[in-house]
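Let me begin by presenting the structure, written as structure tokens, before commenting on it.
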């Protein structure tokens, strides 16, 4: 007897929630298109393969939930993105194992010590439901750790969380309504200062974030810079 196709499994799972095949097909096409776009960007920028499990590790459960909510709206299924998550998760292929994988866990916990943000570089975005999304920007891990200390100290209003499996840090600052999301970007590193660990371009921020006033590179990095 032939095994059911993935499409048949998807339709059968959707039927459990009263969702028509046409609607779930629209939702899945949207999710697939976004992930394909991100994989193409990853190949262009980093020359590697962004597998589905690594895409999920990079964006976290919050990012996947937002994508599924958007797909549900576009498919005429209202605001319930969680039901889309349940359907596509039930028919998803097994997790692909890689030598450098960490356990897939997506719950976050309070970040109690900035030193727990251990990656050398992060991609930072500010996310606010009331505002359109802005462009991301890269920070050194040292700058993120300094910022977390400042945010936590500011009137006692700052808070931070850490997704242990992905390394994603989410933090708030003072009275800002949204939150900053710091996603690990290990491929975006630059030479760091031997005094404070931050990047040269970040030294203009030292009065606020605590970098030292002068950028000093290790001798090995300085010797590789050509004379003007």
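Residue numbers (this note's numbering): -12 to 215.
Glycine included, each C-beta is placed from N, C-alpha and C at the ideal position.
Same chain, Cβ closer than 6 Å to residue 13, neighbours up to 5 away in sequence not counted: Translated into the one-based positions of the chain shown, residue 13 becomes position 26. If we look at residue 13 and ignore the five residues flanking it on each side, its Cβ neighbours are 62.
Boundaries (first-last residue) of the beta strand (DSSP E) holding residue 95: Position 108 of the chain shown, counted from the start, is the residue given in the question as residue 95. Note, residue 95: beta strand (DSSP E), 95 to 97.
Alpha-carbon to alpha-carbon, residue 42 and residue 91: Counting from one through the chain shown, the residue named residue 91 turns up at place 104. Counting from one through the chain shown, the residue named residue 42 turns up at place 55. In this predicted model, residue 91 has a pLDDT of only 42, less than 50, meaning its place in the structure is not dependable enough to derive any value.
Paired residues, beta bridge with residue 1 - DSSP: By 1-based counting over the chain shown, the position of residue 1 is 14. According to DSSP, which records beta bridges pairwise, residue 1 is partnered with nothing at all.
Contact under 9 Å by Cβ, residue 166 with residue 159: Numbered from 1 along the chain shown, position 179 holds the residue referred to as residue 166. Numbered from 1 along the chain shown, position 172 holds the residue referred to as residue 159. Result yes, Cβ atoms of residue 166 and residue 159 sit closer than 9 Å.
Pair within 9 Å by beta-carbon distance, residue 123 and residue 106: Here residue 123 refers to the residue found at position 136 when the chain shown is read from its first residue. Here residue 106 refers to the residue found at position 119 when the chain shown is read from its first residue. It is not a contact, given that the beta carbons lie outside the stated cut-off.
Inter-residue Cα distance where the pair is residue 102 and residue 134: Counting from one through the chain shown, the residue named residue 102 turns up at place 115. Counting from one through the chain shown, the residue named residue 134 turns up at place 147. When rounded, the distance between both Cα atoms is 11 Å.
Closest by C-alpha distance to residue 50, when choosing among 31, 64, 72: Residue numbering aside, residue 50 sits at position 63 when the chain shown is read from its first letter. Considering only alpha carbons, the answer is 72.
Straight-line gap, residue 87 to residue 60 (C-alpha atoms, nearest Å): Locating residue 87 in the chain shown gives position 100, where the first residue counts as 1. Locating residue 60 in the chain shown gives position 73, where the first residue counts as 1. The predicted model places residue 87 with a pLDDT of 43, which falls under 50 and marks its position as unreliable; any figure quoted below should be read in that light. Approximately 36 Å, taken between the alpha carbons.
Within 9 Å, strictly: CB atoms of residue 17 and residue 1: Start at 1 with the first residue of the chain shown, and residue 17 comes out as number 30. Start at 1 with the first residue of the chain shown, and residue 1 comes out as number 14. Not closer than 9 Å, so no.
Own chain, CB closer than 7 Å to residue 25, minus 5 neighbours either side, in chain order: Reading the chain shown from its first residue, position 38 is the one you call residue 25. Closer than 7 Å at the Cβ level, and outside the excluded window around residue 25, lie 37, 42.
Where residue 215 falls, given that 16 or more other Cβ within 10 Å makes a residue buried: Along the chain shown, read from residue 1 onward, the residue named residue 215 stands at position 228. Confidence in residue 215 is poor, its pLDDT being 35 and thus under 50, which makes the residue's placement unreliable; the coordinate value appears in the next sentence. When all chains shown are included, residue 215 counts as exposed.
Beta-carbon proximity of residue 192 to residue 147, cut-off 9 Å: If you number the chain shown from 1, residue 192 lands on position 205. If you number the chain shown from 1, residue 147 lands on position 160. No Cβ-Cβ contact shorter than 9 Å links residue 192 with residue 147.
Residue 134 in three-state terms, based on DSSP: Along the chain shown, one-based indexing puts residue 134 at 147. Helix at residue 134.
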